[in-house]
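The numbering used here numbers the first residue of the sequence shown as 24 and each following residue consecutively.
Yeah, the Cβ is synthetic: ideal placement off N, Cα and C, and Gly gets one too.
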Amino acid sequence: MGIARSLLLRASRSRWLAAQFSRRAFARRALRRFMPGEHVEDALAAARRLEQEGHGTVLTQLGENLTSLAEAEAVHDHYAALLETVRDRRLPTHISVKPTQLGLDLSSDACGRHLDSLAQLAAAAGSFLWIDMEDSSYVDRTLDLYRVLRSRHERVGVCLQAYLRRTPADLASLLPLLPAIRLVKGAYAEPAALAFPAKREVDQAFARLGRTMLEASARSRSLSVFGTHDLQLIAMLRAIAADLAVPDGCLEVHMLYGIRSADQQRLARNGLKVRTLISYGQHWFPWYVRRLAERPANVWFVVRALLG
Ligand code: FDA
């Protein structure tokens, strides 16, 4: 891992930096590159605009590691209301949640109940519930929650991270459930014993896992989602999907709002199902700094915003 990436990932966990940075006007200007705004209505307006350009969307409220179950309940209620709005406005919008935002650190049972309720509401709204994957200490608990959820609901998916050495085994254990999986490279600082340190190894792991997912989609119509901006990987996996005759509707690419927007439009025009993940909310600092860590050149956006 490069020094800049490693420093930025360390910075993303600093509460002091979060407090300093979050209240500065220049930081909010820089944030606009990756977020249409802090409020849910900003995200919904962006979702409507993207729908008109032919994109589906996934909405996520930022925030991690809560300190009370009441906060988790409030997050659940927020997403429940959002799913009602999605249904009423007929938006092609899914939601994506972090288990720690729904109380995983405090009570696995409470988190499971919130996920179950949101999965039910998502299905009723014609939407879909995605579960993000946080750092490696949460993988077992997150997959356990997903297994229970998948046994009860159709429209639920979970994220797997290609950088983790354990992921091929996790994928193999999930495939019998006909899962929906969103494969990503992985965004957290992990030790080399658990995660591939070199980008090349992560890319190779992504390609291998992607092929396995597509083979499963070709057999069983399970949904394979690739959450990446890596156009080479996308082209390669699309070619594999064509070879395997993966049925329509079983392959999607998800990208983040504000990253490679022109490519997102081009891929959608070329017939690929593309969804844009839109984040909103006030607790954006750790998430934002992880975006900088993915491409340290992004720090220049912050510097430019600082200079006005
Ligand atoms: P890579 O980093 O190789 O980038 C490929 C190219 O894309 C770069 O060369 C650059 O041009 C462009 N690019 C990538 N990131 C950029 C950035 N921040 N700014 C500007 N350009 C950029 N992670 C996780 O651990 N748990 C999760 O639940 C999720 N969820 C998730 C959902 C979705 C829809 C996406 C797209 C990503 C995630 N991630 C995630 C983040 C993921 O793990 C990864 O860190 C980023 O997607 C960056 O990796 P890429 O696959 O884009 O490749």
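Environment of residue i [buried if 16+ CB atoms lie within 10 Å]
{"i": "Glu107", "result": "exposed"}
{"i": "Val171", "result": "exposed"}
{"i": "Gly86", "result": "buried"}
{"i": "Trp310", "result": "buried"}
{"i": "Lys222", "result": "exposed"}
{"i": "Ala42", "result": "exposed"}
{"i": "Ile204", "result": "buried"}
{"i": "Gly209", "result": "buried"}
{"i": "Ser150", "result": "buried"}
{"i": "Ala291", "result": "buried"}
{"i": "Gln124", "result": "buried"}
{"i": "Leu197", "result": "buried"}
{"i": "Pro202", "result": "buried"}
{"i": "Arg38", "result": "exposed"}
{"i": "Leu192", "result": "Per the sequence shown, the amino acid found at residue 192 is Ala instead of Leu. The residue in question, Ala192, is exposed, as its Cβ has fewer than 16 Cβ neighbours within 10 Å."}
{"i": "Thr251", "result": "buried"}
{"i": "Ala285", "result": "exposed"}
{"i": "Ser35", "result": "buried"}
{"i": "Ser160", "result": "exposed"}
Cβ shell of residue i (< 6 Å), same chain only, five flanking positions each side left out
{"i": "Thr83", "result": "Ser119 and Ser302"}
{"i": "Leu300", "result": "Val81, His277 and Leu279"}
{"i": "Arg314", "result": "Phe57"}
{"i": "Asp226", "result": "none"}
{"i": "Ser243", "result": "Leu201"}
{"i": "Ile282", "result": "His252"}
Residues near residue i in its chain [Cβ-Cβ closer than 8 Å; skip 5 each side]
{"i": "Trp5", "result": "Lying before the first or after the last residue shown, residue 5 is absent from the chain, which here runs from 24 to 331."}
{"i": "Thr165", "result": "Pro122, Leu127, Ile154, Met156, Glu157 and Val181"}
{"i": "Ala142", "result": "Leu152, Leu172, Arg175, His176, Arg178 and Val179"}
Proximity test, residue i beta-carbon vs the ligand FDA heavy atom, cut-off 7 Å
{"i": "Leu279", "result": "yes"}
{"i": "Thr251", "result": "yes"}
{"i": "Gln184", "result": "yes"}
{"i": "Ala69", "result": "no"}
{"i": "Met156", "result": "yes"}
{"i": "Tyr161", "result": "no"}
{"i": "Ala210", "result": "yes"}
{"i": "Ile257", "result": "no"}
{"i": "Ile282", "result": "yes"}
{"i": "Leu300", "result": "yes"}
{"i": "Glu74", "result": "no"}
{"i": "Arg164", "result": "no"}
{"i": "Arg314", "result": "yes"}
{"i": "Val207", "result": "yes"}
{"i": "Glu213", "result": "no"}
{"i": "Glu317", "result": "yes"}
Residues near residue i by beta carbon distance below 7 Å, same chain, minus five either side
{"i": "Leu105", "result": "Val63, Leu82 and Ile118"}
{"i": "Ala241", "result": "Leu267, Ala268 and Val269"}
{"i": "Ala145", "result": "Leu106, Ile118, Phe151, Leu152 and Arg178"}
{"i": "Met259", "result": "Ala230"}
{"i": "His11", "result": "The displayed coordinates of the chain run from 24 to 331. Any statement about residue 11 would go beyond what the structure contains."}
Residue ranges of each beta strand (DSSP E) within the stretch 186–216, 3 or longer: Along the length of the stretch 186–216, whole beta strand (DSSP E) runs at least 3 residues long occupy 203–207, reported in chain order.
Contact the stretch 215–230 vs the stretch 274–293: 3+ CB pairs below 8 Å: Counting Cβ pairs under 8 Å, fewer than three are found: no touch.
At least three beta-carbon pairs within less than 8 Å, the stretch 128–136 to the stretch 173–191: Of all C-beta pairs linking the stretch 128–136 to the stretch 173–191, fewer than three are shorter than 8 Å, placing the two stretches out of contact.
Segment contact, 8 Å Cβ cut-off, at least three pairs: the stretch 166–182 with the stretch 211–220: Segments in contact, no.
Sequence ranges, alpha helix (DSSP H) only - wholly within the stretch 221–295, length at least 4: With a minimum length of 4 residues, the continuous alpha helix (DSSP H) runs that stay inside the stretch 221–295 are 222–243, 254–267 and 284–292.
Length at least 3, wholly inside the stretch 35–116: the beta strand (DSSP E) runs in chain order: Listed in chain order, they are 79–84.
Beta strand (DSSP E) runs contained entirely in the stretch 126–160, provided each spans 3 or more residues: Entirely contained in the stretch 126–160, the beta strand (DSSP E) runs reaching 3 residues are, in chain order, 152–154.
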